[in-house]
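Chemist:
There are 4 protein chains.
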Amino acid sequence: MADARKATTNSISAAPSFQTEVLVRFADCDPAGIVFYPRFLEMFNNLVEDWCNTGLNFSFDDIVVQRGWGLPTVHLETDFILPCRMGEVLTAKLFVRRVGRSSIQADIVLSGPDQTDRVRGKVVLVLTDRREHRAIAFPDALRHRILTFVVPDECTRKLKED
Amino acid sequence: MADARKATTNSISAAPSFQTEVLVRFADCDPAGIVFYPRFLEMFNNLVEDWCNTGLNFSFDDIVVQRGWGLPTVHLETDFILPCRMGEVLTAKLFVRRVGRSSIQADIVLSGPDQTDRVRGKVVLVLTDRREHRAIAFPDALRHRILTFVVPDECTRKLKED
Amino acid sequence: MADARKATTNSISAAPSFQTEVLVRFADCDPAGIVFYPRFLEMFNNLVEDWCNTGLNFSFDDIVVQRGWGLPTVHLETDFILPCRMGEVLTAKLFVRRVGRSSIQADIVLSGPDQTDRVRGKVVLVLTDRREHRAIAFPDALRHRILTFVVPDECTRKLKED
Amino acid sequence: MADARKATTNSISAAPSFQTEVLVRFADCDPAGIVFYPRFLEMFNNLVEDWCNTGLNFSFDDIVVQRGWGLPTVHLETDFILPCRMGEVLTAKLFVRRVGRSSIQADIVLSGPDQTDRVRGKVVLVLTDRREHRAIAFPDALRHRILTFVVPDECTRKLKED
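Residue numbers (my numbering), protein chains in the order written: chain A, 1438 to 1599; chain B, 1438 to 1599; chain C, 1438 to 1599; chain D, 1438 to 1599.
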């Protein structure tokens, strides 16, 4: 599939995803002039926040403040492939991989204005009741909305072969 | 080895490591009252910085400003096991796993005052020349200092069995 | 002037200004559930960055990386009037008050979706040559662009009387 | 008192103060290689946090989490006099100037290893009940502890003349 590869450096760009743009700011950059890597994880968290607010209609304020719940990241894997520089506008994409009773496994890709992947990550999020310190099942309506973001099987297979 | 287990919840505490203490500050915590996870990665970076400065006698200022080099984190895996709260003093430990020509693979563990592991991570760091945008070999003297922090094989095996 | 007051709670909103919107994010908020105040100053810095990039066509990347200059904040005064909560979209406005040979005095106002001022600040910025550690005069073309953002005298007087 | 002046560039060093040391970290620095100014305000907040914890025996956790109170900064003035570089160990000092029913006015000075003042600030803190959204009087025992940090009048006068 050489042609397909040519058409898209970001191999999973055809999958259903939630997408935002992120300006790399002065505040994100370190003395080496590139994004300080913990700030990439803040970008990950902002993407999840935007997805909850906009994609799922389930705002962080609703989750954390109104309901006393949480959606902590319990696992994270990240490859920092290429540096990002001040002033670049990154495309941030979130792809849901798996939805459990109370957990979501998602892929996150930050790509540059030149379409190259800069950071690729996997996150596992868990819905929790903070007062009772335990995982809780996604309410049905929320689960249905989350499921619309799950990457179909053929995409997953294709990704594994990459 | 039930007794050994009892003696230490942090299973790799016997290995050679670089260790610091980290106070969980108000600035680290989010509206859920616990550490905002990108701040854990800042703690990881601070630990690597302290290790370079104190353990390796190779300061970040020397690396980044004086020499024009960098020591970016190119890969990261993290399990956020238990939340950390404001005011807790965490123990941060770094164990070197593998040393390549220009890369280091290290484990990082943040444990609580109750000796439970709170965050466990793996990082891969690469020494780079920022002007030439390429990895460079560790200078010999530096390599020797790094090697003194490598965890012996029996520890690695034990960890894999855990 | 009761009518005018009614029309605008933010008393300097009629003056020429550079304006952006800022979403208050989870990452900005502290265990008290409101914006952690150093993050307001990051919002200030982002506003100045956006103003330079968009309003002045003089990007931070151009200033800091390409030319080796800087535009540090040398003085800051801030009143934190009302707290800001996660999910609120703030309006951030910058008004230039005075332009010197190498310095700018500007007012910054962050107001809430309810039009109330939440944070009011004054900043003094100085253009510097980082290698020579000294202030430098604004290039003429830049000075002309900056001057288009200066608040006219009658606005200044009105503000002083408030 | 020319000799005394010579002996100390930091003119208020003789006054009663709460003092800590702050390492300037990679994480604090920007692409210009110096501390990003919002991070100075985080250092201010950390100093206030340490003062509450250690100097006043009134921890932020106690204030914010246990009691549902807050100690927000409502006013801030800062002069950024000289830049601070990665690896420098700063001395951070807090001097109480005035204690009201529910507010504290304090001066904060960050000085470098060369004893020069780098950042000088004034903060006004207010004790609040977060549920009732109102200022509350300092409990008596706390007020007594705060008063031990107030700078005597002669120091204030001397400072005003500087």
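Heads up, the beta-carbon is just placed ideally off N, CA and C, and yes, glycines get one too.
Would you say the beta carbon of Q1503(A) comes nearer than 7 Å to a heavy atom of the ligand PLP?
Modeler: The model depicted lacks the ligand PLP and carries no ligand whatsoever.
Chemist: Using a Cβ-Cβ cutoff of less than 6 Å, which residues in the same chain neighbour G1505(D) once the five nearest sequence positions on both sides are dropped?
Modeler: Result list for G1505(D): R1567 and R1568, in chain order.
Chemist: Could you check whether the segment 1469-1484 of chain C touches the segment 1452-1469 of chain A, counting it as contact only if at least three pairs of C-beta atoms, one from each stretch, sit closer than 8 Å?
Modeler: Short answer: they touch.
Chemist: At a CB distance below 9 Å, what residues from the segment 1466-1485 of chain D approach chain A? Give them in sequence order.
Modeler: The residues in question are C1466, D1467, P1468, A1469, G1470, I1471, F1473 and P1475.
Chemist: From N1483(A) to H1581(D), what does the alpha carbon distance come to, in whole angstroms?
Modeler: For N1483(A) and H1581(D), the distance between alpha carbons rounds to 43 Å.
Chemist: Mapping DSSP to helix, strand and coil, what is V1561(B)?
Modeler: Three-state DSSP puts V1561(B) in a strand.
Chemist: Can you tell me the Cα-Cα spacing of L1562(D) and I1573(D), whole angstroms?
Modeler: Going by the C-alpha atoms only, they are around 12 Å apart.
Chemist: Using a Cβ cut-off of 8 Å, which residues of the segment 1502-1533 of chain C contact any Cβ in chain A, in chain order?
Modeler: Residues passing the 8 Å Cβ filter: V1502, R1522, M1523 and G1524.
Chemist: Could you check which residue in T1510(B), V1536(B) and V1501(B) has the C-alpha nearest to that of G1600(D)?
Modeler: Since the displayed chain D opens at 1438 and closes at 1599, residue 1600(D) lies outside it and no answer follows.
Chemist: From the DSSP output, in three-state form, read off I1518(B) for me.
Modeler: In the structure shown, I1518(B) sits in coil (DSSP, three-state: anything other than H, G, I, E or B).
Chemist: Starting from A1578(B), trace the beta strand (DSSP E) both ways and give me its first and last residue.
Modeler: Unbroken run through A1578(B) is the alpha helix (DSSP H), D1577 to L1584; no beta strand (DSSP E).
Chemist: In whole angstroms, what is the alpha-carbon distance linking L1584(B) and E1458(B)?
Modeler: Near 23 Å, if we compare the C-alpha coordinates of E1458(B) and L1584(B).
Chemist: Kindly say whether T1457(D), judged by its beta-carbon, lies nearer than 8 Å to any beta-carbon of chain C.
Modeler: Answer no: the Cβ-Cβ gap between T1457(D) and chain C never drops below 8 Å.
Chemist: Using a Cβ-Cβ cut-off of 8 Å, state whether R1555(B) counts as contacting chain D.
Modeler: Not one chain D Cβ lies under 8 Å of R1555(B).
Chemist: Compile a chain-ordered list of the residues in the segment 1558-1577 of chain D whose CB is closer than 7 Å to at least one CB of chain C.
Modeler: Within the segment 1558-1577 of chain D, the qualifying residues are R1567.
Chemist: Looking at C-beta atoms only, is the number of pairs between the segment 1551-1562 of chain D and the segment 1503-1523 of chain D that lie closer than 8 Å three or more?
Modeler: Because the criterion of three Cβ pairs below 8 Å is met, the segment 1551-1562 of chain D and the segment 1503-1523 of chain D touch.
Chemist: Could one say the Cβ of D1498(B) lies closer than 8 Å to chain D's Cβ atoms, at least one of them?
Modeler: Judged by the 8 Å Cβ criterion, D1498(B) is in contact with chain D.
Chemist: Under 8 Å between the Cβ atoms of T1542(C) and R1555(C)?
Modeler: The residue you asked about is not Thr; residue 1542(C) is Gln in the sequence shown. No; because the gap between Cβ atoms is not below 8 Å, this pair is not in contact.
Chemist: Distance, Cα to Cα, R1471(D) vs V1472(B)?
Modeler: Looking at the sequence itself, residue 1471(D) is Ile, so the reference to Arg does not match. Near 26 Å, if we compare the C-alpha coordinates of V1472(B) and I1471(D).
Chemist: In the DSSP assignment, the alpha helix (DSSP H) including R1538(D) goes from what residue to what residue?
Modeler: Neither: R1538(D) is in no alpha helix (DSSP H) and is coded neither H nor E.
Chemist: Is any beta-carbon of chain C found at less than 8 Å from that of R1538(A)?
Modeler: False, the Cβ-Cβ gap to chain C never drops below 8 Å.
Chemist: Taking the beta strand (DSSP E) that F1455(B) belongs to, which residues open and close that run?
Modeler: Note, F1455(B): beta strand (DSSP E), F1455 to L1460.
Chemist: Return the CA-CA distance between D1516(A) and V1546(B), expressed in angstroms with no decimal places.
Modeler: Distance between the alpha carbons of D1516(A) and V1546(B) is about 19 Å.
Chemist: Using a Cβ cut-off of 8 Å (strictly closer), state whether F1463(C) contacts chain A.
Modeler: So, interface residue.
Chemist: DSSP on R1504(A), reduced to helix/strand/coil?
Modeler: Reduced to three states, the DSSP call for R1504(A) is coil.
Chemist: Given this structure, state the Cα-to-Cα distance separating S1448(C) from I1518(D), to the nearest angstrom.
Modeler: Only weak support exists for where S1448(C) lies, its pLDDT of 44 falling under 50; the value from the coordinates is given anyway. Roughly 32 Å between the two C-alpha positions.
Chemist: Looking at the C-beta of L1579(D), does it have a partner C-beta in chain B at a distance below 8 Å?
Modeler: Chain B contact via Cβ: absent.
Chemist: According to DSSP, is L1484(B) helix, strand or coil?
Modeler: Residue state, collapsed to three classes: helix.
Chemist: For A1578(D), count neighbouring Cβ atoms within 10 angstroms of its own Cβ and tell me buried if that reaches 16, exposed if not.
Modeler: Exposed, since its Cβ has fewer than 16 Cβ neighbours within 10 Å.
Chemist: Hey, L1527(D) and V1485(D): beta-carbon distance below 8 Å or not?
Modeler: In this structure, V1485(D) does not lie closer than 8 Å to L1527(D) by Cβ.
Chemist: Is it buried or exposed for D1487(C), if we count other Cβ within 10 angstroms and need 16 for buried?
Modeler: It counts as buried.
Chemist: Leaving aside the five residues before and after F1495(B) along the sequence, list all residues of the same chain whose C-beta is less than 6 Å from its C-beta, in chain order.
Modeler: C1489 and L1579.
Chemist: From the DSSP output, in three-state form, read off D1551(B) for me.
Modeler: In this structure, D1551(B) counts as coil in the three-state DSSP scheme.
Chemist: Please work out which residues of its chain come closer than 6 Å, Cβ to Cβ, to A1587(D), disregarding the five sequence neighbours upstream and downstream, and give them in chain order.
Modeler: What sits at residue 1587(D) in the sequence shown is Val, not Ala. Around V1587(D): V1533.
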